[in-house]
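K.L.:
I am attaching a structure below and will ask some questions about it afterwards.
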Amino acid sequence: MAGGGAPAKAVEPQPHPPKEQLPNISYCITSPPPWPEAILLGFQHYLVMLGTIVIIPSSLVPQMGGGNEEKAKVIQTLLFVAGLNTLLQSLFGSRLPAVIGGSYTFVPTTISIILAGRFSDTSDPVERFKRIMRAIQGSLIVASTLQIVLGFSGLWRNVTRFLSPLSVVPLVSLVGFGLYEFGFPGVAKCVEIGLPQLILVVFVSQYMPHVIKSGKHVFDRFAVIFTVVIVWIYAHLLTVGGAYNGKAQKTQLSCRTDRAGLIDAAPWIRVPYPFQWGAPSFDAGEAFAMMMASFVALVESTGAFIAVSRYASATPMPPSILSRGVGWQGVAILLSGLFGTVNGSSVSVENAGLLALTRVGSRRVVQISAGFMIFFSILGKFGAVFASIPAPIIAALYCLFFAYVGAGGLSFLQFCNLNSFRTKFILGFSVFMGLSVPQYFNEYTAINGYGPVHTGARWFNDIVNVPLSSEAFVAGCLAYFLDNTLHRKDSAIRKDRGKHWWDKFRSFKGDSRSEEFYSLPFNLNKYFPSV
3 MAGGGAPAKA VEPQPHPPKE QLPNISYCIT SPPPWPEAIL LGFQHYLVML
53 GTIVIIPSSL VPQMGGGNEE KAKVIQTLLF VAGLNTLLQS LFGSRLPAVI
103 GGSYTFVPTT ISIILAGRFS DTSDPVERFK RIMRAIQGSL IVASTLQIVL
153 GFSGLWRNVT RFLSPLSVVP LVSLVGFGLY EFGFPGVAKC VEIGLPQLIL
203 VVFVSQYMPH VIKSGKHVFD RFAVIFTVVI VWIYAHLLTV GGAYNGKAQK
253 TQLSCRTDRA GLIDAAPWIR VPYPFQWGAP SFDAGEAFAM MMASFVALVE
303 STGAFIAVSR YASATPMPPS ILSRGVGWQG VAILLSGLFG TVNGSSVSVE
353 NAGLLALTRV GSRRVVQISA GFMIFFSILG KFGAVFASIP APIIAALYCL
403 FFAYVGAGGL SFLQFCNLNS FRTKFILGFS VFMGLSVPQY FNEYTAINGY
453 GPVHTGARWF NDIVNVPLSS EAFVAGCLAY FLDNTLHRKD SAIRKDRGKH
503 WWDKFRSFKG DSRSEEFYSL PFNLNKYFPS V
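Going by our numbering, the letters in the sequence shown line up with residues 3 to 533, in that order.
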């Protein structure tokens, strides 16, 4: 080389630095968007959570003996209670923009109550529906005490303080990815509606902002409203055009926009109230089975809370805040039992994914969404219009939202040492078993009509079958156990598992960012020092 100088040293590529708070979020928890935008975003959250709110009663109420009128009332009640619980959680619970809605975790235990032999002697279907509903209410009321005690006593705080980024990865990832059965299989039930919705929402949210550079985040932020309206109109044109005339009943239920029967059955104005179906009845076995479902929902919601905090660009959740959120989720289950929603409550995973899609983690947006839930639950006819959106449209949205939540779990790998064989074993084994064990249980149930544990005591069967059928529960518990028992005290391993990143957020006091995100309003922190 001329001049005899040494060759320039090549610049080595640097890894992406870990971020305690997710960057590129437009509005975090405490930074609300302008009111017109916030109202539209809140309505979008309302549309997204309707899927679970409608699907669960639509499948359970007919089995209980109820007709369209009972189904409409249950959906109204579930929507009303979801609005109340979302407000309570955002004001006094975790303070996160988390929607609290219905949960599929409680469905198997609810079905066991429906199939109980003591209801077979009732010939009147509506009376049978009310008897079963009162039994479900009683079991939910008892089951709510589990989360209330664990949360408000601080016991769950003592459990979650041993969480690390490594043990959180399988839990949060499978909270999202574990719901794959509600994604494309739901789209395929009416592929001529579901597939266009899936393609359109991906194109509008991911490609349009780069094609039309307006700088105002219109397409990515409001992709759900745009695409749902377009595909809903298209589905209605197919319906009125006779595309489904003479088709199989299953096809018509999935594809038509006029088959739900909710609009005709829903009252114009109705305010749900506690004990509207009568006084709850209690059965010890059913209560224990529902308590196990409540515990599974608690573990899954812990992962969902962590995902919400990430997509809201908050600091890592202190264990005391997680415990407080769980306590208020127990109150949510109690309200579900008192009002009679036929289902328990947990954090809505789909709404957590919507936070990622819109990049808006504002608490105010979710509180506005709760206002829409309460408003449309009271004005039954108007709410029933939106509740009649075909299920494949909602399933197409789930494909995006559940993927976002699962990816949010994977993002915690940035705090871990991926060159460690200990990390590889815990991560790989827990995720694999989290997928494999529930697959066996669910496949066995689908073929035989009952789970692998099949005794004469249906409640005992549920206590074993329900938790082992949950991907997030199996993976999360296994990762937590392995991470806290395999050579945990070694200082190098402590860094490998990423624990040193989270220890400074063990208490939200003393950190100005955490205090801003998680402190209770009205100076209530001094009354609840432990949680």
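Glycine included, C-beta positions come from ideal geometry on N, C-alpha and C.
1. Just verifying my parser: in three-state terms, what is the DSSP assignment at Tyr442?
2. Closer than 8 Å is the cut-off here; do at least three beta carbon pairs connect the stretch 393-404 with the stretch 352-359?
3. State the DSSP-derived secondary structure class of Ile27, mapped to helix, strand or coil.
4. Which value, in whole angstroms, describes the spacing of the CA atoms of Val76 and Thr343?
5. Could you tell me whether the stretch 370-390 touches the stretch 50-64, where touching means 3 or more Cβ pairs closer than 8 Å?
6. Taking the alpha carbon of Arg366 as the reference point, which residue from Val189, Leu98, Leu412 has its own alpha carbon closest?
7. Quick one: Cα of Gly188 to Cα of Arg424, how far?
8. Mind checking whether Gly68 and Gly346 have CB atoms under 9 Å apart?
9. Tyr246 and Pro198: beta carbons closer than 9 Å?
10. Among Gln65, Gln91, Ala309, Glu71, which residue has its Cα nearest to the Cα of Ser371?
11. So what does Ser347 bridge to, in DSSP terms?
12. Going by DSSP in three states, Val362 sits in which element: helix, strand or coil?
13. Could you pull out every residue in the same chain whose Cβ sits closer than 8 Å to the Cβ of Pro469, ignoring the five residues on either side in sequence?
14. For Gly373, which option in Gly287, Leu42, Ala316 has the closest C-alpha, if you only look at C-alpha atoms?
15. Quick one: give me the first and last residue of the alpha helix (DSSP H) that Ile308 is part of.
16. Are the beta-carbon atoms of Asn467 and Phe443 separated by less than 9 Å?
17. Given Gln139, which residues of its chain have a CB within under 6 Å of its CB, disregarding the five upstream and five downstream residues?
18. Could you tell me how far apart the beta carbons of Met135 and Trp279 are, in whole angstroms, since I believe they sit closer than 8 Å?
19. For Ala393 versus Leu264, is the C-beta spacing smaller than 9 Å?
20. Kindly indicate the opening and closing residues of the alpha helix (DSSP H) around Gly478.
21. What is the DSSP secondary structure of Met319, counted as helix, strand or coil?
22. Assign Gln78 to one of two classes, buried (16 or more other C-beta atoms within 10 Å of its C-beta) or exposed (fewer than that).
23. For a minimum of 4 consecutive residues, which ranges assigned as the alpha helix (DSSP H) are wholly contained in the stretch 99-144?
24. Taking DSSP as the reference, what is the three-state secondary structure of Tyr406?
25. Going by CA-CA distance only, name the one from Leu86, Ile31, Pro15, Glu22 that's closest to Gly314.
26. Please classify Leu86: does DSSP put it in a helix, a strand, or coil?
27. Thinking just about the alpha-carbon of each residue, which of Leu324, Met375, Thr457, Ala358 is nearest to the one in Ser521?
28. Can you tell which of Ala225, Val226, Ser256, Ile227 has the C-alpha that lies nearest to the C-alpha of Leu240?
29. Given this structure, state the Cα-to-Cα distance separating Asp498 from Phe414, to the nearest angstrom.
30. Confirm, please, whether the CB-CB distance from Val170 to Gly411 is below 9 Å.
P.N.:
Put simply:
1. helix
2. yes
3. coil
4. 6 Å
5. yes
6. Leu98
7. 38 Å
8. no
9. no
10. Gln91
11. Gly104
12. strand
13. Met294, Phe297, Val298, Phe475, Val476
14. Leu42
15. 286-313
16. yes
17. Pro282, Gly339, Gly342
18. 5 Å
19. no
20. 473-487
21. coil
22. buried
23. 109-116
24. helix
25. The sequence shown places Ala at residue 314, not Gly. Answer by Cα proximity: Ile31.
26. helix
27. Leu324
28. Ser256
29. 12 Å
30. yes
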